[in-house]
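Chains as they are written, first to last, in the working numbering: chain A, 324 to 1012; chain B, 324 to 1012.
Protein chains: 2
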Amino acid sequence: MSHENTPENGKDPLVIFTPSGRRGHFPVGTPVLTAARQLGVDLDSVCGGRGVCSKCQITPSYGEFPKHGVTVAEDALSDWNKVEQRYDDIRGLTKGRRLGCQAKVQGNIVIDVPPESQVHKQVVRKRAEVRDITLNPTLHLSYVEVEEPDMHKPSGDLERLIAALKLATGHDALEIDTHLLRPLQPLLRKGEWKVTAAIHTAHSGGTPRIVALWPGYFEGPIFGLAVDLGSTTIAGHLCNLSTGEVVASSGLMNPQIRFGEDLMSRVSYAMMNAGGDLEMTEAVRAGLNDLVDDIAKDAEIDKSQILDAVFVMNPVMHHLFLGIDPFELGQAPFALATSDALELAASDLGLDIAPGTRAYILPCIAGHVGADAAGVALSEAPNKSDDLALIVDVGTNAEILLGDKNGVLACSSPTGPAFEGAQISSGQRAAPGAIERVEIDPITKEPRFRVIGSELWSDDEGFDATIATTGITGICGSGIIEVIAEMRMAGLVDASGLIGSSEQTGTDRCFADGRTNSYRLWDGNEDQKAITVTNGDIRAIQMAKAALYSGARLLMDKRGVEDVDRVVLAGAFGAHISSKHAMVLGMIPDAPLDKVTSAGNAAGTGARIALLNRDARGEIEALVRQIEKIETAVEPRFQEHFVNASAMPNSSDPFPTLRSVVDLPDPSFNTGGGEDGTEGGRRRRRRRG
Amino acid sequence: MSHENTPENGKDPLVIFTPSGRRGHFPVGTPVLTAARQLGVDLDSVCGGRGVCSKCQITPSYGEFPKHGVTVAEDALSDWNKVEQRYDDIRGLTKGRRLGCQAKVQGNIVIDVPPESQVHKQVVRKRAEVRDITLNPTLHLSYVEVEEPDMHKPSGDLERLIAALKLATGHDALEIDTHLLRPLQPLLRKGEWKVTAAIHTAHSGGTPRIVALWPGYFEGPIFGLAVDLGSTTIAGHLCNLSTGEVVASSGLMNPQIRFGEDLMSRVSYAMMNAGGDLEMTEAVRAGLNDLVDDIAKDAEIDKSQILDAVFVMNPVMHHLFLGIDPFELGQAPFALATSDALELAASDLGLDIAPGTRAYILPCIAGHVGADAAGVALSEAPNKSDDLALIVDVGTNAEILLGDKNGVLACSSPTGPAFEGAQISSGQRAAPGAIERVEIDPITKEPRFRVIGSELWSDDEGFDATIATTGITGICGSGIIEVIAEMRMAGLVDASGLIGSSEQTGTDRCFADGRTNSYRLWDGNEDQKAITVTNGDIRAIQMAKAALYSGARLLMDKRGVEDVDRVVLAGAFGAHISSKHAMVLGMIPDAPLDKVTSAGNAAGTGARIALLNRDARGEIEALVRQIEKIETAVEPRFQEHFVNASAMPNSSDPFPTLRSVVDLPDPSFNTGGGEDGTEGGRRRRRRRG
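Structure below.
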């Protein structure tokens, strides 16, 4: 019994736990584990104190503790016992450690719970600006000994198992997954009535559920899968649910690509082909099972050890994965079939992992802002930010979040695939041979660049040798941003996006190319043709970045601000993009460059957080309900922002912070006609529309 | 607002509902449905008062009501309105009826709720001694209008559906079955945002669940299936869940019969053949789907309208149906894999009915006393009986319940298949041509009998013609009971079960047949051989009836009684058996003959009750937990009772009530040797065992 609130009586020893600082008086003979449980100290135990699991290891400290006001005698704990000796013989107990279930309190004692013995371990994240993840998965293992059947007290084996588990876990009620009814009896007998159960407790309530059973004591580990189901790439992380560690990662192309490169072409495929949506559902589920195979092989585990799975994805992938026709997402009002988080039988999703696994899908924020954006929100936690953060996840659609502790807004903006190298004359996916970095000398207008697969710049000695196998094949998304921004800074492109002629720019790298000019970035060689940037390429990027910026600007309007404190670039693209160049183009709002950071695959990280911490599921569900959703398509100011944002960086917003560190010349190459005039005309019509 | 507890103020009209007698004051203009809901009056409504479903029909009464102390004026309700007019035009409203949601209170009024408008209708049962069933299924229909999607307030169609249903039903939370995610969007649009949902609310708690959806207003009916899954026969009743009516019944042979006639031979089959249990699982599930096909065809409904299913069965069938190897049930301690009631996805049981259906399986009482016995207990409700009832369900195993309001005991007893005509030389299943009734003249020792398929006795004129097609093929279970009991009463068999010789009995119908005598019941003809009763037949019945009686006697011992007040014979066999003849054999304890009644297929009725009334599920679960289970195999007194019960009626219990109405001669045909001596010897050895 806990004496926590009784006055010190000079009789029962005082037990102090660190690092929690929790303390209480306990009768002599109380096991340390019992004391910890009664004080609510975070000390792990799978076997409930039977000396089987060794999860409850603790480190006693002896001597004077003026800070705690106690002196700990050498005999403050009972002697090392047989169970501990056996464990030490077989597995080796770290010096100074004891098993909390075996060591009994005999006097005042200070006990440290090392991180590995805590249930709610901290999983450290590398980036300074984000919080660590507290390990608290939906699954827990519990080892119990089940009463044997007795003719005089007839009850099912299951009912006696549940009774034992209720006692061990404190759950009031427990269900069992139907698939376990068959193996239950042989399994209990194989384990001689000792059994380890994996119990799934949904964060949203409901009866805890036995989802897996092992005969005898099963040490684990068990694993969970966090998946970012992208339109192009499916990326999965396999996590050890006892440590939070990522033990294997794998990625593959989304097999739906054969039905259409981008989302809208897949929606069209479903509209044009009866049963087309189901073909795509089948394809993505098959892809996921390939990923599961890969990742299990990588980690050298059996797929049946994967007992949890969390998914993030955009709304179209969400529907296709669930087996829902995405038809409604292709047209206003972009109605989602379901927007809330879902917890479904993994088998209903065709996933070949442990039967009984419940798959969790993060909520969608809106018809164009999916569970992937919710994953970003969970990872980046704008709702916990003191300063106002703009978070953009750049892909075919850009999902944009703006917020701080006072509230979060979200929208998506149809950037199109230009940022991924599509619609660009020399564009290509990020792959060896692609130009990814560019510098242009503002005086000579001569470029140098780096290519994926080489550490050298193109004007470094030995560069040619490093690219001998890949060649130089095109420009990837980040390369396109850089080259256009560099052209803008070198005065080769004006603010309206027109490339100057050779005469206007003073370099013959600019050359007439039809009715506009192009810039030759690389001259080519006998094997490969030259790589140029055409005015059409610049138009494509202008459209994309204007869409992105306008979305951000709309959220800023709604929030009533002209600036943001910081910008976070999420997504694989965001990880490679140069913040300076992005800002020169006016992709993102004006901000100090050191306040523009990359979050990597934040959506995938969000999935991982939801996998490792059940409370995070409730948090993101609550946050998504609170987020104010803006539908850009119907916002009257969107068009105005779009037109302003077509200029580089912007025809209305001044970008003073950027201009204080970057020189932006201001030529005008408009000769009053040609393609630009037409474009301008179109844009003016739009404005009136 | 309800004014139920406010004093009569002379302003708000008084509304009195019959038959409930509930009353309250309501402001002028209150719809009758609203008043009923606020008073907790049982008035149905699927559409929530939109004038769509017409379930809330009521009958207003006018004039003087001295009993209620009110006078009802002609204008006490608002005038017949357009909605009512339209309904009357299309469907016809019974004269004097109004729609409760349309008619508004204008003055004091007396309103009768006719039975069809009550949610909790009474489903009348024919037998006087049992209670009617109150209709209260797990499924309810709710018609709602769903908010259309709005870009400015993005939420999924599902979330808006759930919001509408929560409002209409008052449920705090609602889930949806996964299979509905796909059809949801087209269905909502087809119904123009009007939809009817079938909501399943488990009696055991948990979140109510949308299991089916129809576009627009779906009037029903929806159906449920109550199944008694016997070792030999599968019997199903299809019930209309709105009326409680049985709309179709069907039965078929359990296809598992090809793996073994009786349960233990099926357990053996599973033990001897790897995967044998799964073969049997597949067979019984296929049989169930055949039953579903038959019954749906019979009722002219679509299988997808079957939205609930309840099952009762013995433990071996229970396990085989669930896909559990019955191995453990074949040996002590007869451990059930699971004994509690189960609610499972019907699809997990391979049932081809409406997807999303939850199948309910009644709890098993013990390793030999299954969910079928629980069904009998639910139907016959010994726990609610004022007098002490003995309920026996006779089959290959007899399940026996003894109890009253003070408590219920249960056991099973291995009667073997003799009562079903097996192990009997001329035995056969109950089918046309089988002798089912027998009388033997105590003077002449001449028999007469009736045959299934003919209304005439064998000595009636024209008998031969009526049996011309079937012939006389054997003796069924009830016939065996009768002929042996008649032989006993006619002095042809002594109390120990020996048939007398021709000399001893004075009739040449008794004839030497090996080492014992037989009795010729029918002489045969050119086509069919004679039908005789051998001493072996009598031994088989003696063993069976001794097992049955000993089980009952054990329960009486436990209860500390020498007599029971009444005996209920359940099961198909129980329906055909003559209570007098059963008692002459000593199958059942001594009791007044009019206190021995037949309950028919009480197990199946129990399934039907659990189907129609969700609370009954909780009741039987509670009762099964309270029932005291006796394992006959390990009860020391079982052998003693068995030996005593081998005599007809009994060598220890005097059967005074029986003897007061039936003459039981007391010859002894034991000549000290032969087969009987051997048998006696064996029995004496048993007694010592």
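C-beta: ideal position from N, C-alpha, C; glycine also.
Note that the structure is a prediction, hence the values are computed from the model and not measured.
Bridge partner(s) assigned by DSSP for residue i
i        : result
A/Asp727 : A/Gly730
B/Lys427 : B/Pro354
A/Thr341 : A/Asp435
A/Lys517 : A/Glu468
B/Lys952 : B/Ala733
A/Leu536 : A/Ala520
A/Pro770 : A/Ile763
Beta-carbon proximity list for residue i, same chain, < 7 Å, skipping 5 on both sides
i        : result
A/Val884 : Leu711
A/Lys513 : Pro538
A/Thr980 : Asp913, Ala914 and Pro915
B/Asp585 : Ser554, Thr719 and Pro740
B/Gly567 : Lys444, Val446, Ile456, Leu458 and Leu935
A/Asp999 : Confidence in A/Asp999 is poor, its pLDDT being 43 and thus under 50, which makes the residue's placement too unreliable to answer from.
A/Ala869 : Phe965, Ala968 and Ser969
B/His463 : Ile522
B/Ser440 : Leu366, Asp367, Lys378, Cys379, Gln380 and Ile381
A/Ile766 : none
For residue i, three-class secondary structure by DSSP
i         : result
B/Gly941  : helix
A/Thr382  : strand
B/Phe582  : helix
B/Gly698  : helix
B/Gly874  : helix
B/Met283  : Because residue 283 of chain B is not part of the residues shown, which for chain B are 324 to 1012, the question remains open.
B/Met636  : strand
B/Asn993  : coil
A/Phe541  : coil
A/Gln445  : strand
A/Gly1004 : In this prediction, A/Gly1004 has a pLDDT of 38, which is less than 50 and means its spatial position is unreliable; what the coordinates show is noted afterwards. DSSP places A/Gly1004 in helix when its eight states are reduced to three.
A/Arg931  : helix
B/Asn840  : strand
B/Asn967  : helix
A/Asn936  : strand
Cutoff 6 Å; reference residue i; Cβ partners in own chain excluding five residues on either side
i         : result
B/Gly1076 : Outside the displayed span of chain B (324 to 1012) sits residue 1076 of chain B, for which this structure offers no information.
B/Phe786  : Leu779
Residue i - containing beta strand (DSSP E), residue span
i        : result
B/Asn563 : Thr556 to Asn563
Limits of the alpha helix (DSSP H) - the one that residue i falls within
i        : result
A/His904 : Ser902 to Leu908
B/Asn612 : Gly599 to Ala622
B/Ala486 : Asp480 to Thr492
B/Phe283 : A query on residue 283 of chain B cannot be resolved here, the shown segment of chain B reaching from 324 to 1012 and no further.
A/Gly800 : Gly800 to Met812
Contact check, residue i vs residue j, beta carbons under 8 Å
i        : j        : result
A/His899 : A/Ala808 : no
A/Ala632 : A/Asp625 : no
A/Cys424 : A/Leu356 : yes
A/Phe634 : A/Ala930 : yes
A/Leu878 : A/Leu732 : yes
B/Leu892 : B/Val919 : yes
B/Met812 : B/Val985 : yes
A/Ala757 : A/Gly802 : yes
B/Glu479 : A/Thr857 : In the sequence on display, residue 479 of chain B carries Gly and not Glu. No, the pair does not count as a contact, with Cβ atoms beyond the cut-off.
Beta-carbon proximity list for residue i, same chain, < 8 Å, skipping 5 on both sides
i         : result
A/Arg608  : Phe644, Leu672, Gly673 and Leu674
B/Gly1012 : Note that B/Gly1012 scores a pLDDT of 31, beneath 50, so its modelled location is shaky and nothing firm can be said.
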